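Have a look at the structure below before the remarks.
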Amino acid sequence: MSAAPLAFELAAPTRIIFGAGCAREVGRLAAGLGKCALVVTGKSPDRAGAALAALATAGVQATTFSVAGEPSVETARAGVAAARTAACDLVIAFGGGSTIDAGKAIAALVANGGDPLDYLEVVGRGQQLTRRSLPFIAVPTTAGTGSEVTKNAVLGCSEHGHSGVKASLRSPLMLPTVAVVDPDLLVGLPAEAIAASGLDALSQLIEPFVCVRANPVTDGFAREGLARSASALRRAYTAARMGVIVAPADREALALASLLGGLSLANAGLGAVHGFAAPVGGIFHAPHGAVCAALLEPVMQLNVAALRARAPESPALVRYQEVAAIVTGNAAATIEDGLAWVAALCRALDIPGLARHGMRESDVAELVGKARVASSMKGNPIALTDAELADIATRALGGPA
Ligand SMILES: [Zn+2]
Numbered sequence: 115m116s117a118a119p120l121a122f123e124l125a126a127p128t129r130i131i132f133g134a135g136c137a138r139e140v141g142r143l144a145a146g147l148g149k150c151a152l153v154v155t156g157k158s159p160d161r162a163g164a165a166l167a168a169l170a171t172a173g174v175q176a177t178t179f180s181v182a183g184e185p186s187v188e189t190a191r192a193g194v195a196a197a198r199t200a201a202c203d204l205v206i207a208f209g210g211g212s213t214i215d216a217g218k219a220i221a222a223l224v225a226n227g228g229d230p231l232d233y234l235e236v237v238g239r240g241q242q243l244t245r246r247s248l249p250f251i252a253v254p255t256t257a258g259t260g261s262e263v264t265k266n267a268v269l270g271c272s273e274h275g276h277s278g279v280k281a282s283l284r285s286p287l288m289l290p291t292v293a294v295v296d297p298d299l300l301v302g303l304p305a306e307a308i309a310a311s312g313l314d315a316l317s318q319l320i321e322p323f324v325c326v327r328a329n330p331v332t333d334g335f336a337r338e339g340l341a342r343s344a345s346a347l348r349r350a351y352t353a354a355r356m357g358v359i360v361a362p363a364d365r366e367a368l369a370l371a372s373l374l375g376g377l378s379l380a381n382a383g384l385g386a387v388h389g390f391a392a393p394v395g396g397i398f399h400a401p402h403g404a405v406c407a408a409l410l411e412p413v414m415q416l417n418v419a420a421l422r423a424r425a426p427e428s429p430a431l432v433r434y435q436e437v438a439a440i441v442t443g444n445a446a447a448t449i450e451d452g453l454a455w456v457a458a459l460c461r462a463l464d465i466p467g468l469a470r471h472g473m474r475e476s477d478v479a480e481l482v483g484k485a486r487v488a489s490s491m492k493g494n495p496i497a498l499t500d501a502e503l504a505d506i507a508t509r510a511l512g513g514p515a
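Residue 346 in the working numbering is what sits at position 232 of the sequence shown, and the numbering runs on without skipping anything.
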């Protein structure tokens, strides 16, 4: 690939436990880490019932804190207050990426003190966290964000004139203590959630694989995740649509793809899909996975065109061909075959354009301005011009062609 000497760093949770039924271990794991847990859940805490029962059996006290929708600075403050009131010495997040991000932020803030705005990037003071988070167990119940293995938490911020901005708390000290990835928790996930989170995972495998900081370890994660999720996602969506339980092998593939995507992005970086996803999600309050899904194919199109025009020797073009070969299962597939496969998948999964989330043509310029400076954009395989960024946003408005 590149002639430069190889150098990289790999960071991951202390333990990653994967397998059908492994969520039953949460009680035992928690008992080894603390006495009183703040259990962060999504909007329906009943889904965490089995986890709460396991904690009770293991003699760990639990206080639940429910997060409806994507977490904000206020969510994090309220969670820290709840953890302090109950004297929690451990945080467990049981839910989708929003829930895990909320738990991760709370665990960091309880240990470090201060307000989220002291540490938030971009909108806050950006101070470094200095203390390791409270012990934190992340149990994902969707297969998309990979947040169970990443070192950042995205929070929405609507104060100090930062209306509609999302920013990260980020530190290696925030890596979860244990990630418990149980594919059985995906049973009953609605079809739309399978589609959106699955395409987020796919983006989080493709972007690190073509990005400027790709390394041999994340490459291995990305290849494995792409190969496993390529056909499973369509089957899982179709099953959920028909009200049939997603097959165990497909649940396993989706959970693994999400985990591998998280490990890839945390150690290699992302690109323009996520560069746009942060401001789009902040302004229009659209679910992250659905936003990434709408952006994936336009970003691939424009990146490939820009690379061919300005950096035809870039290893990223070889990578895009490899993506095409893996997802289509045809070693001779062209980049165009890969693009067509992604577009067809988005159509099959009924992914709407960003217009469905309230975005208009008149929003393009503002989004381009924000996406250009987003931290994820630094990983994109080529610097895109404002015209190219505007082209991506405009194409994403209408959904897959
Ligand atoms: Zn994502």
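We treat Cβ as the ideally placed atom computed from N, Cα and C, and that holds for glycine.
Note that the structure is a prediction, hence the values are computed from the model and not measured.
Going by DSSP, what residues sit across from A176 in a beta bridge?
A151, per the DSSP bridge assignment.
Over what stretch of residues does the alpha helix (DSSP H) that includes F323 continue unbroken?
Where F323 is concerned, the enclosing alpha helix (DSSP H) stretches over A305 to V324.
Measure the alpha-carbon distance for E436 versus L124 and round it to whole angstroms.
Taking the straight line from one Cα to the other gives about 23 Å.
Just to confirm, are A376 and A310 a CB contact at a threshold of 9 Å?
The sequence shown places Gly at residue 376, rather than the Ala named in the question. The answer is no: Cβ separation not under 9 Å.
Report, in whole angstroms, the separation of the C-beta atoms of A145 and A172, which I expect to be a contact under 8 Å.
Right, their Cβ atoms sit about 4 Å apart.
Determine contact between the region 229-243 and the region 172-185, defined as no fewer than three beta-carbon pairs at a distance below 8 Å.
Too few Cβ pairs lie closer than 8 Å, so no.
If we call anything under 9 Å between Cβ atoms a contact, is L409 one with L468?
A contact, by the Cβ cut-off of 9 Å.
Is the region 324-332 touching the region 213-228, taking contact as three or more C-beta pairs under 8 Å?
Segments in contact, no.
Just verifying my parser: in three-state terms, what is the DSSP assignment at A207?
DSSP places A207 in strand when its eight states are reduced to three.
Comparing C-alpha positions only, which one of D160, R509, A361 and A446 sits nearest to D298?
Checked all of D160, R509, A361 and A446; the closest Cα to D298 is A361.
Which residues bound the alpha helix (DSSP H) around L374?
Counting along the chain, the alpha helix (DSSP H) containing L374 begins and ends at P362 to A382.
Count the other CB atoms, across all protein chains shown, that sit within 10 Å of the CB of M115; report buried if there are 16 or more and exposed otherwise.
Note that M115 scores a pLDDT of 49, beneath 50, so its modelled location is shaky and nothing firm can be said.
Assign A267 to one of three DSSP states: helix, strand, or coil.
DSSP places A267 in strand when its eight states are reduced to three.
Could you name the residues of the same chain whose beta carbon sits closer than 7 Å to that of F250, not counting the 5 residues immediately before and after it, in chain order?
Within the same chain, F250 has close Cβ partners V205, G217, K218, A221, P290 and T291.
Between the region 417-428 and the region 391-401, are three or more C-beta pairs nearer than 8 Å?
Because the criterion of three Cβ pairs below 8 Å is not met, the region 417-428 and the region 391-401 do not touch.
Can you grab the Cα-Cα spacing for the pair L384 / R161, in whole Å?
If you take the alpha carbons of L384 and R161, they lie about 31 Å apart.
Rounded to the nearest angstrom, what separates P127 and G260 at their Cα positions?
Each residue's alpha carbon lies about 12 Å from the other.
Express the C-alpha separation of S247 and A391 in angstroms, rounding to a whole number.
Approximately 27 Å, taken between the alpha carbons.
Taking the alpha-carbon positions, what's the A190 to P119 distance?
If you take the alpha carbons of A190 and P119, they lie about 41 Å apart.
For S476, count neighbouring C-beta atoms within 10 Å of its own C-beta (all shown protein chains included) and say buried if the count is 16 or more, exposed if not.
Classification for S476: exposed.
Below 8 Å on the Cβ atoms is my contact criterion, and I expect K149 with D203 to pass it. Report the Cβ-Cβ distance as a whole number of Å.
With 8 Å as the limit, K149 and D203 qualify as a contact, their Cβ atoms being about 6 Å apart.
Which residue wins for smallest C-alpha separation from G210, given the options G443, A195, P401 and E139?
When each option's Cα is compared against that of G210, the closest is P401.
Please look up how many angstroms separate the CB atoms of L152 and A200, rounded, as I've assumed it's under 8 Å.
With a Cβ gap of about 7 Å, L152 and A200 count as contacting.
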